[in-house]
DNA sequence: CCGTGTATTGACCAGTCGGACAATGAATGA
DNA sequence: TCATTCATTGTCCGACTGGTCAATACACGG
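Below is the structure:
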């Protein structure tokens, strides 16, 4: 006995939301058509009705993951800092702080990253997200490195290093929180970044 | 018709080797009892005969992965460098170079990393490997930071940062090699590390 | 030469997965 | 009011999974 109608576009979002919740608890592997349907209180047939292939569903789920966890907004407070090195350090700290709350989303991001190693479409989208992430840092890096042009550090590389500091933090903190002193790490990373400015050496 | 006997302890290694080859090509998901058995030219029943549970097999496979890819040997050339900052930079560069060749093993390592997020036993072993990796850097970091004790950077944090630079490099380079300038990154990372010494500031 | 233990096989099982599909219900327009 | 459209359901299917197990062939000690 087919149930009531709710043919709004909401259905897709509802399903993706259910998938997201499932993924948070059980990982991408746990995102099965039936598990998602159960979480959304639908028949699993309906899920494949909206997303013809399961891959499409996990693609849509990737959108959700990227939207909620891989976006970088430079807060007003940070943007207002005049001195470029300090601004870079502050941005770094802001991101590290953000990482500390709700690590579950980040876990999903890394799971997708691992998936991307084998699947081209996912790899491209994650790569693009990383590139956008780097771009935000690159802007500051250019400004910072402008005076000390004699240096062998390019803005692009500096941005990549910043991203490394952030993702490396997440990676290490996730895998053994016990042996990882997050406070000390943040101090060190920030101080390292800010130390770039004074002497181009 | 049960085949010939070869009851040596070699069988286990042979199976793990087959599993490793399968994993390199198809990822950990592809490591199925039957796939491994086929690769090793055995019946899948024999695989479960040696490794009672599949988990034991993927545990043994993790050993293999860690042994071949997560070990850090400080080469003689590097160890002989007297000046600590330069030594740290050289070690960093050595590891980054090593990452460039044969990324397949590293991919597996990161796949296990993602797996570790959900599975406790794997998480602990990866965490331990990571800690050993950090320890190698910590030794140099202590020596490096000794004179400039006024600094807010602890040896532990510096080691963690070094690991971040390495894993972050792998992360970004593997996912989109096109937009990632490996050469510039290596220059920047090394120069950043070596810049730690001169002025404790 | 013959049992005994064990390495090895293949068949089998229950479970789960993604996907196809006919049947059914509800809304909608004529 | 009735036919049409389409969202929704449950069922069914084939493939594959991890795991069990009886049957078998081999090596070896007596």
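Residue numbers (our numbering), protein chains in the order written: chain F, 36 to 236; chain Y, 36 to 236.
Think of the CB as a built atom: it goes at the ideal place given N, C-alpha and C, for glycine as much as any other residue.
Got a sec: is the Cβ-Cβ distance from residue 56 of chain Y to anything in chain F below 8 Å? Taking the first residue of the second chain as 1, we reach residue 56 of chain Y at position 21. Judged by the 8 Å Cβ criterion, residue 56 of chain Y is not in contact with chain F.
Any chain F beta carbon closer than 8 Å to residue 106 of chain Y: The residue labelled residue 106 of chain Y in the question sits at position 71 within the second chain. Residue contact check for residue 106 of chain Y against chain F: no CB pair falls below 8 Å.
Is there at least one Cβ from chain Y nearer than 8 Å to residue 207 of chain F's Cβ? In the first chain, counting from the first residue as 1, residue 207 of chain F sits at position 172. Taking CB atoms only, residue 207 of chain F has a neighbour in chain Y less than 8 Å away.
Under a CB-based cut-off of 8 Å, is residue 179 of chain F close to chain Y? Along the first chain, read from residue 1 onward, the residue named residue 179 of chain F stands at position 144. False, the Cβ-Cβ gap to chain Y never drops below 8 Å.
Quick check on residue 222 of chain Y - is its C-beta less than 8 Å from some C-beta in chain F? Taking the first residue of the second chain as 1, we reach residue 222 of chain Y at position 187. Yes - at least one Cβ of chain F is within 8 Å of the one on residue 222 of chain Y.
Take residue 125 of chain F and list the residues in its own chain whose beta-carbon comes closer than 7 Å to its own, dropping the five residues that flank it on each side. As a working mapping, residue 125 of chain F is identified with position 90 in the first chain. So the qualifying residues of the chain are 113 and 116.
Using a cut-off of 9 Å between C-beta atoms, extract the partners of residue 116 of chain F located in chain Y. Locating residue 116 of chain F in the first chain gives position 81, counting from the first residue. In chain order: nothing, as chain Y lies at least about 19 Å away.
Nearest CA to the CA of residue 48 of chain F: which residue from F:71, F:127, F:153 and F:128? What you label residue 48 of chain F is simply residue 13 of the first chain in a count that begins at 1. Cα-wise, what sits closest to residue 48 of chain F is F:71.
Using a Cβ-Cβ distance cut-off of 8 Å, determine whether residue 166 of chain Y contacts chain F. Along the second chain, one-based indexing puts residue 166 of chain Y at 131. With 8 Å as the cut-off, residue 166 of chain Y counts as an interface residue toward chain F.
Can you tell me whether residue 236 of chain F is helix, strand or coil according to DSSP? Counted from its first residue, the first chain places residue 236 of chain F at position 201. Here the model assigns residue 236 of chain F a pLDDT of 40, short of 50, so the residue's position is not dependable, and the following value carries that caveat. Coil, per DSSP.
Is it buried or exposed for residue 202 of chain F, if we count other Cβ within 10 angstroms and need 16 for buried? In the first chain, residue 202 of chain F corresponds to position 167, counting from 1. Classification of residue 202 of chain F: buried, given that the 10 Å Cβ count is 16 or more.
The alpha helix (DSSP H) spanning residue 138 of chain F covers which residue range? Translated into positions along the first chain, residue 138 of chain F becomes position 103. First-last of the alpha helix (DSSP H) with residue 138 of chain F: 138 to 153.
When the distance is taken between beta carbons, is residue 190 of chain F closer than 8 Å to residue 208 of chain F? Taking the first chain and counting its residues from 1, the one referred to as residue 208 of chain F is at position 173. Taking the first chain and counting its residues from 1, the one referred to as residue 190 of chain F is at position 155. No, they are not a contact pair.
Measure the C-alpha to C-alpha separation of residue 63 of chain Y and residue 107 of chain Y and round it to an integer number of angstroms. Position 28 of the second chain holds residue 63 of chain Y. Position 72 of the second chain holds residue 107 of chain Y. Answer to the nearest angstrom: the Cα atoms are 24 Å apart.
In its own chain, which residues sit with a C-beta less than 7 Å from the C-beta of residue 179 of chain Y, not counting the 5 before and 5 after it? Translated into the one-based positions of the second chain, residue 179 of chain Y becomes position 144. Correct list, in chain order: 119, 120, 123, 231 and 232.
C-beta contact flag for residue 216 of chain Y and residue 162 of chain F at 8 Å: Within the second chain, numbered from 1, the residue matching residue 216 of chain Y stands at position 181. Within the first chain, numbered from 1, the residue matching residue 162 of chain F stands at position 127. Using a Cβ distance threshold of 8 Å, residue 216 of chain Y and residue 162 of chain F do not count as a contacting pair.
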